[in-house]
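Peer 1:
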Amino acid sequence: MSVSTVEPAQGTKIQTIDDLHQYLYKGLQLEHATLPPYLTALYSLHPGKNADAWHVIRVVAVEEMLHLTLVANVLNAVGGTPELTKQGFVPNYPAHLPCGPEYFKVHLRPFSPEALETFLAIEKPAQAEAEKDRYVPMDWAALGLTSDGATPASEELAELEQSGTILGLVPGEPTYRFLSIGEFYEEIIRGINRLEDEARKAGKTIFTGEPARQVTPEYFYSGGGDVIEVTGRDTAVAALTLVAEQGEGLHGGIFDSQDEIAHYYRFQQLEKGRYYQKGDEPGSPSGPELHVDWSAVYPVKPDLKLEHLAEDPHILAAAKEFNEFYAAFLAKINLAYKGQPNLLLEAVWEMFRMRDGMNRLIRNPLTAHPGANAGPTFEL
Numbered sequence: 190m191s192v193s194t195v196e197p198a199q200g201t202k203i204q205t206i207d208d209l210h211q212y213l214y215k216g217l218q219l220e221h222a223t224l225p226p227y228l229t230a231l232y233s234l235h236p237g238k239n240a241d242a243w244h245v246i247r248v249v250a251v252e253e254m255l256h257l258t259l260v261a262n263v264l265n266a267v268g269g270t271p272e273l274t275k276q277g278f279v280p281n282y283p284a285h286l287p288c289g290p291e292y293f294k295v296h297l298r299p300f301s302p303e304a305l306e307t308f309l310a311i312e313k314p315a316q317a318e319a320e321k322d323r324y325v326p327m328d329w330a331a332l333g334l335t336s337d338g339a340t341p342a343s344e345e346l347a348e349l350e351q352s353g354t355i356l357g358l359v360p361g362e363p364t365y366r367f368l369s370i371g372e373f374y375e376e377i378i379r380g381i382n383r384l385e386d387e388a389r390k391a392g393k394t395i396f397t398g399e400p401a402r403q404v405t406p407e408y409f410y411s412g413g414g415d416v417i418e419v420t421g422r423d424t425a426v427a428a429l430t431l432v433a434e435q436g437e438g439l440h441g442g443i444f445d446s447q448d449e450i451a452h453y454y455r456f457q458q459l460e461k462g463r464y465y466q467k468g469d470e471p472g473s474p475s476g477p478e479l480h481v482d483w484s485a486v487y488p489v490k491p492d493l494k495l496e497h498l499a500e501d502p503h504i505l506a507a508a509k510e511f512n513e514f515y516a517a518f519l520a521k522i523n524l525a526y527k528g529q530p531n532l533l534l535e536a537v538w539e540m541f542r543m544r545d546g547m548n549r550l551i552r553n554p555l556t557a558h559p560g561a562n563a564g565p566t567f568e569l
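Heads up, the sequence shown is in our numbering, so the first residue is 190 and it goes up one at a time.
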């Protein structure tokens with residue numbers, strides 16, 4: 190969906206600056222939640238094989254880091270504090286991500302048709318036909334997270350979120366979900382417009398954050414767009430619009446405003462076996478053929494947990510070491526978003542150094558699970 194500056198009269202559930210901070214924190218969670226699945230699929234590919242899939246997934250993973258940084262810049266600009274090391278920030282995979290047209294779980298899987306199906310579900314475009322359709326009732330019975338299918342009480346809901354079991358809920362509204370991630374960001378933009386208009390009437394602004402906490406373009410380059418330094422309403426809207434467009438496309442199209450293929454359509458190329466080119470219609474790529482070899486993949490056990498590794502002490506030690514590395518990776522990004530932006534350069538590089546730690550897992554068979562290899566658990 191395309192998001193843009195809108196009039197607050199269209200309505201928003203964001204009524205206070207604290208509401209806005211909560212939404213932006215959930216935005217950070219949503220952007221990060223895709224990284225472990227994408228990286229697991231990426232490094233499950235056999236070396237030297239599936240070059241097309243490698244390129245597509247790698248580009249999307251780097252752009253998710255860009256999105257994480259853009260949302261952090263907006264949160265910092267409005268006086269919030271990014272917290273990437275908070276309990277529940279990292280999902281407990283498989284995790285529920287109800288912010289979309291359909292219910293689905295996000296799994297840690299090797300590259301496979303099932304993994305690709307999940308990636309398409311994550312990035313799937315959907316724009317509400319009417320204002321009332323932007324929010325969709327939550328079907329807790331379908332999710333199976335409560336004993337009787339009823340909406341959880343506040344304490345139970347907090348436990349589900351803090352455990353990383355479910356992400357992307359409407360803050361304070363457990364009975365509703367957003368139709369798409371694009372609609373979620375539209376809501377944040379509406380909230381920014383509402384709160385900034387109210388502040389200006391009183392001669393103030395909501396953009397009170399420390400400029401030193403902004404990550405500027407020299408500290409991050411993705412190839413798919415520059416970091417936007419957020420200094421006010423216009424740059425905040427531009428940053429969030431870029432996030433939504435790169436995931437779902439511009440105005441229902443294949444490309445974003447920077448003429449880059451949106452994530453959904455990048456992944457769809459792997460499904461269709463052909464690249465998109467200018468002039469193509471969604472769902473009908475006509476560019477060069479794209480080759481996928483589903484067999485040239487290590488058979489990583491989906492959603493592996495440390496408790497599954499009791500019979501493989503060396504793999505268990507490697508899995509724990511990887512989790513410590515990933516925790517340090519997030520801590521470094523956290524510091525980058527709190528006034529040390531130079532650390533982001535190191536963190537992006539480290540994201541692809543994870544290959545070494547993953548290889549020690551992904552290339553090793555599991556004793557208790559014949560035919561399956563180990564993989565990262567991301568249990569922090």
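Don't be surprised by glycine CBs; every beta carbon is placed ideally from N, CA and C. All of these numbers come straight from a predicted model, not from anything done at the bench.
Helix or strand or just coil, what does DSSP make of I378?
Peer 2: Helix, per DSSP.
Peer 1: Taking the alpha-carbon of R549 as reference, which of A563, H558 and F541 has the nearest alpha-carbon?
Peer 2: The candidate whose alpha carbon is nearest that of R549 is A563.
Peer 1: If I'm right that I203 touches Y214 with Cβ under 8 Å, what's the distance once you round it to whole angstroms?
Peer 2: That pair is no contact at about 13 Å.
Peer 1: Check whether the stretch 306-326 touches the stretch 519-534, taking contact to mean three or more Cβ pairs, one atom from each stretch, closer than 8 Å.
Peer 2: Counting Cβ pairs under 8 Å, fewer than three are found: no touch.
Peer 1: Taking P474 and Y487 to be in contact with their CB atoms under 8 Å, please state how far apart those CB atoms are, rounded to whole angstroms.
Peer 2: No, P474 and Y487 are not in contact; Cβ-Cβ is about 28 Å, not under 8 Å.
Peer 1: Grab the span of the beta strand (DSSP E) containing P326 for me, first residue to last.
Peer 2: Unbroken beta strand (DSSP E) run through P326: Y324 to P326.
Peer 1: Distance, Cα to Cα, G380 vs V426?
Peer 2: About 11 Å.
Peer 1: Would you say G353 and V279 are within 8 Å of each other, going by their C-beta atoms?
Peer 2: Against a cut-off of 8 Å, the Cβ pair of V279 and G353 comes out as a contact.
Peer 1: Spell out a yes or no on whether the stretch 233-252 and the stretch 444-456 are touching, meaning 3 or more CB-CB pairs, one atom from each, closer than 8 Å.
Peer 2: Flag = yes, the stretch 233-252 and the stretch 444-456 touch.
Peer 1: Under a three-way DSSP split, which group does S343 fall into?
Peer 2: Note: S343 maps to helix in three-state DSSP.
Peer 1: At the level of alpha carbons, what is the spacing between A342 and E348?
Peer 2: Whole-angstrom Cα-Cα distance: 10 Å.
Peer 1: Between the C-alpha atoms of I206 and V267, what's the straight-line distance to the nearest angstrom?
Peer 2: Roughly 8 Å between the two C-alpha positions.
Peer 1: Strictly by DSSP, which residues pair up with F367?
Peer 2: F367 pairs with Y324.
Peer 1: Do V295 and P226 have their CB atoms nearer than 8 Å?
Peer 2: Result yes, Cβ atoms of V295 and P226 sit closer than 8 Å.
Peer 1: Quick check on DSSP: helix, strand or coil for N239?
Peer 2: It is coil, neither helix nor strand.
Peer 1: Is the stretch 375-392 touching the stretch 227-244 in the sense that three or more CB pairs, one from each, lie closer than 8 Å?
Peer 2: Result no; under three Cβ-Cβ pairs closer than 8 Å.
Peer 1: Alpha carbon to alpha carbon, how far is L505 from E418?
Peer 2: When rounded, the distance between both Cα atoms is 42 Å.
Peer 1: Using DSSP's beta-bridge definition, name the partner residues of N175.
Peer 2: In the structure displayed, the chain extends from 190 to 569; residue 175 sits before or after that span and is not available.
Peer 1: Leaving out five residues on either side along the sequence, give the residues of the same chain with a beta carbon under 7 Å from the beta carbon of T424.
Peer 2: Result list for T424: I417 and E418, in chain order.
Peer 1: Tell me which same chain residues have a C-beta within less than 8 Å of the C-beta of H497, skipping the five on either side of it?
Peer 2: So the qualifying residues of the chain are K490, L555, A557 and H558.
Peer 1: What does a CB cutoff of less than 8 Å around N523 pick up in its chain, not counting 5 residues either side in sequence?
Peer 2: Excluding residues within five positions, the ones whose Cβ falls inside 8 Å are P271, E272, L273 and T274.
Peer 1: Kindly list the residues whose CB is nearer than 6 Å to the CB of R298, restricted to its own chain and excluding five residues on each side of it in sequence; keep chain order.
Peer 2: So the qualifying residues of the chain are A304 and P491.
Peer 1: Where DSSP assigns a beta bridge to H256, which residues make up the other side?
Peer 2: According to DSSP, which records beta bridges pairwise, H256 is partnered with nothing at all.
Peer 1: For T420, which option in E253, A485 and A261 has the closest C-alpha, if you only look at C-alpha atoms?
Peer 2: When each option's Cα is compared against that of T420, the closest is A261.
Peer 1: Out of T229, V359 and T258, which has the shortest C-alpha to C-alpha gap to S301?
Peer 2: That would be T229, whose Cα lies nearest to the Cα of S301.
Peer 1: Verify whether the separation of the beta carbon atoms of P314 and G357 is less than 8 Å.
Peer 2: Going by C-beta atoms, P314 is not nearer than 8 Å to G357.
Peer 1: Among the candidates G333, G361 and L332, whose CA atom is the shortest distance from the CA of E344?
Peer 2: It is G361.
Peer 1: Taking only the alpha-carbon atoms, compute the straight-line gap between V481 and G560 and give it to the nearest angstrom.
Peer 2: Each residue's Cα considered, the two are about 22 Å apart.
Peer 1: Compare the C-alpha of Y507 against each of E385, E568 and L479 and name the closest.
Peer 2: Per the sequence shown, residue 507 should be read as Ala rather than Tyr. The candidate whose alpha carbon is nearest that of A507 is E568.
Peer 1: For F308 and Y515, I'd like the C-alpha separation in whole angstroms.
Peer 2: Answer to the nearest angstrom: the Cα atoms are 21 Å apart.
Peer 1: Pick from H210, D328, F367 and A401: whose alpha carbon is nearest that of I311?
Peer 2: Closest by alpha carbon: F367.
Peer 1: According to DSSP, which residues form a beta bridge with S352?
Peer 2: None; S352 has no bridge partner.
Peer 1: List the DSSP bridge partners of A330.
Peer 2: According to DSSP, A330 bridges with nothing at all.
Peer 1: Quick one: Cα of L519 to Cα of W483, how far?
Peer 2: Roughly 31 Å separates the two Cα atoms.
Peer 1: Using the DSSP secondary-structure output, state which residues sit across from L234 in a beta bridge.
Peer 2: L234 is bridged to V486.
Peer 1: Just confirm the distance between the C-beta atoms of I443 and P471, as a whole number of angstroms; I'd bet it's less than 8 Å.
Peer 2: Indeed, because the Cβ distance is near 6 Å, the residues count as touching under 8 Å.
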